[in-house]
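Notes for the one structure printed next.
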Amino acid sequence: MIGVTENFRKIQDLLAAAARSANRSRDHIRLLAASKRQPVSAILEAASAGQRDFGENVVQEGVRKINDAARDDLVWHFIGHLQANKTAAVAEHFDWVHTVDRLRIADRLSRQRPYYAEPLNICIQVDVDAEASKSGVAPGELQELALAVAQLPRLKLRGLMCLPARRAGFDEQRKPFAALRRMLQALQQQGLELDTLSMGMSDDFAAAIHEGSTIVRIGTALFGPRPG
Ligand SMILES: *Cc1c(COP(=O)(O)O)cnc(C)c1O
1 MIGVTENFRK
11 IQDLLAAAAR
21 SANRSRDHIR
31 LLAASKRQPV
41 SAILEAASAG
51 QRDFGENVVQ
61 EGVRKINDAA
71 RDDLVWHFIG
81 HLQANKTAAV
91 AEHFDWVHTV
101 DRLRIADRLS
111 RQRPYYAEPL
121 NICIQVDVDA
131 EASKSGVAPG
141 ELQELALAVA
151 QLPRLKLRGL
161 MCLPARRAGF
171 DEQRKPFAAL
181 RRMLQALQQQ
191 GLELDTLSMG
201 MSDDFAAAIH
211 EGSTIVRIGT
221 ALFGPRPG
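Read left to right, the sequence shown gives residues 1 to 228 (the numbering used here).
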């Protein structure tokens with residue numbers, strides 16, 4: 001069986017190659033290890049290889065793993081659908097939330113972010129292909145939400161995230177990522193200081209990097225298939 005360390009090195013090479021072919025600096029692309037359903041031992045193995053950013057999509061599982069890993073040099077990203085009754089634990093334990101899609105959630109996160117912590121980094125999830133998913137704000141409602149989230153005192157709005165339906169082929173994969181990039185640019189023109197496009201997974205990160213992704217979220221290619 002191929003281990004996490006070897007996969008990590010392979011992904012680093014692929015990210016470097018994708019950045020080169022997109023004429024971008026590798027330094028502007030962050031690898032987020034989607035560690036959901038993986039054991040803490042796999043997280044610690046990735047951390048030993050040099051990985052720092054980890055993504056969880058279930059609140060209780062994530063909080064348990066953050067506590068069990070017990071390392072203050074790791075950065076924890078919440079990447080799952082967030083219900084209002086779970087926001088407090090996320091505000092307390094995570095560093096980033098990628099999936100804000102309504103003001104009520106953002107408002108709760110801001111009020112619940114502990115005073116001793118840095119502002120919580122936020123990406124707004126956009127429903128780039130309306131037919132495929134029920135998560136994410138509709139593109140037509142994005143500007144109003146972004147301007148409101150940017151006002152919340154204990155949050156730092158960083159940018160946008162998308163989770164498009166799977167597409168085959170590089171050119172098809174680029175389309176939703178290009179759309180998200182244009183939405184970010186439109187918000188920047190409205191005066192918002194945004195620096196993050198969270199887009200691209202194991203199967204489509206090269207296309208996302210070509211469209212300006214700054215955070216690729218990779219699970220399977222790093223950890224192997226998720227345990228049942
Ligand atoms: C699981 C997950 C990923 C990673 O998926 P892989 O296909 O395993 O790379 C990325 N983003 C989100 C939101 C996820 O839940």
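Each residue gets a CB set at the ideal place from its N, CA and C atoms; glycine is no exception. Small disclaimer: the values here were computed from a predicted structure and weren't measured.
Practice item. Would you please state the rounded distance, in angstroms, between the beta carbons of residue 215 and residue 30? I believe it to be under 8 Å. Key: Position 215 of the sequence shown, counting from 1, holds the residue named residue 215. Position 30 of the sequence shown, counting from 1, holds the residue named residue 30. That pair is a contact at about 5 Å.
Exercise for review: Excluding the 5 residues preceding and the 5 following residue 181 in the sequence, name in chain order all residues of the same chain whose CB lies nearer than 8 Å to its CB.
Suggested key: Taking the first residue of the sequence shown as position 1, residue 181 is located at position 181. The answer, listed in chain order, is 197, 211 and 212.
Exercise for review: Taking all protein chains shown into account, decide if residue 65 is buried (16 or more other Cβ within 10 angstroms of its Cβ) or exposed.
Suggested key: In the sequence shown, residue 65 corresponds to position 65, counting from 1. That one is buried.
Check your understanding: Cβ of residue 217 versus every heavy atom of ligand 1: is any distance shorter than 7 Å?
Key -> What you label residue 217 is simply residue 217 of the sequence shown in a count that begins at 1. The answer is yes for residue 217.
Review point. Under 8 Å, do residue 32 and residue 77 count as touching if we go by C-beta distance?
Key: For this step, residue 32 is matched to residue 32 along the sequence shown. For this step, residue 77 is matched to residue 77 along the sequence shown. Against a cut-off of 8 Å, the Cβ pair of residue 77 and residue 32 comes out as a contact.
Check your understanding: Could you check where the beta strand (DSSP E) with residue 231 kicks off and where it finishes?
Key -> For residue 231 there is no data in the structure shown, the boundaries of the chain being 1 and 228.
**Study point:** C-alpha gap between residue 144 and residue 79, whole angstroms
**Key:** On the sequence shown, residue 144 is found 144 positions in, with the first residue counted as 1. On the sequence shown, residue 79 is found 79 positions in, with the first residue counted as 1. Each residue's alpha carbon lies about 22 Å from the other.
Review point. Is residue 5 near ligand 1, in the sense that its beta carbon is under 7 Å from a heavy atom of that ligand?
Key: Here residue 5 refers to the residue found at position 5 when the sequence shown is read from its first residue. No, since every heavy atom of ligand 1 falls outside the 7 Å radius drawn around the Cβ of residue 5.
Point to revise | Coil, strand or helix - residue 107 by DSSP | key: Taking the first residue of the sequence shown as position 1, residue 107 is located at position 107. Looking at residue 107 - three-state DSSP - the assignment turns out to be helix.
**Study point:** Three-state class that DSSP yields for residue 217 in the structure shown
**Key:** Along the sequence shown, one-based indexing puts residue 217 at 217. Residue 217: strand per DSSP, three-state reduction.
Check your understanding: With distances taken from CA atoms, which of 190, 150 and 187 is nearest residue 107?
Key -> As a working mapping, residue 107 is identified with position 107 in the sequence shown. The shortest C-alpha separation from residue 107 is found at 150.
Exercise for review: Going by CA-CA distance only, name the one from 85, 103 and 122 that's closest to residue 94.
Suggested key: By one-based count along the sequence shown, residue 94 stands at place 94. Nearest of 85, 103 and 122 to residue 94, Cα basis: 122.
Review point. Per DSSP, residue 156 is paired with what?
Key: The residue you call residue 156 lines up with position 156 of the sequence shown. According to DSSP, which records beta bridges pairwise, residue 156 is partnered with 121.
Check your understanding: Using DSSP with H/G/I as helix, E/B as strand and the rest coil, what is residue 59?
Key -> Counting from one through the sequence shown, the residue named residue 59 turns up at place 59. Three-state DSSP puts residue 59 in a helix.
Practice item. Take residue 199 and list the residues in its own chain whose beta-carbon comes closer than 7 Å to its own, dropping the five residues that flank it on each side. Key: Taking the first residue of the sequence shown as 1, we reach residue 199 at position 199. If we look at residue 199 and ignore the five residues flanking it on each side, its Cβ neighbours are 161, 162, 177, 180, 208 and 213.
Exercise for review: Note down, in chain order, each residue of its chain lying with its Cβ closer than 8 Å to the Cβ of residue 23, except the 5 sequence neighbours on either side.
Suggested key: Taking the first residue of the sequence shown as position 1, residue 23 is located at position 23. Closer than 8 Å at the Cβ level, and outside the excluded window around residue 23, lies no residue.
**Study point:** Start and end residues, beta strand (DSSP E) containing residue 208
**Key:** The sequence position of residue 208 within the sequence shown is 208, counting from 1. It is not in any beta strand (DSSP E) - residue 208 instead sits in the alpha helix (DSSP H) that spans 205 to 210.
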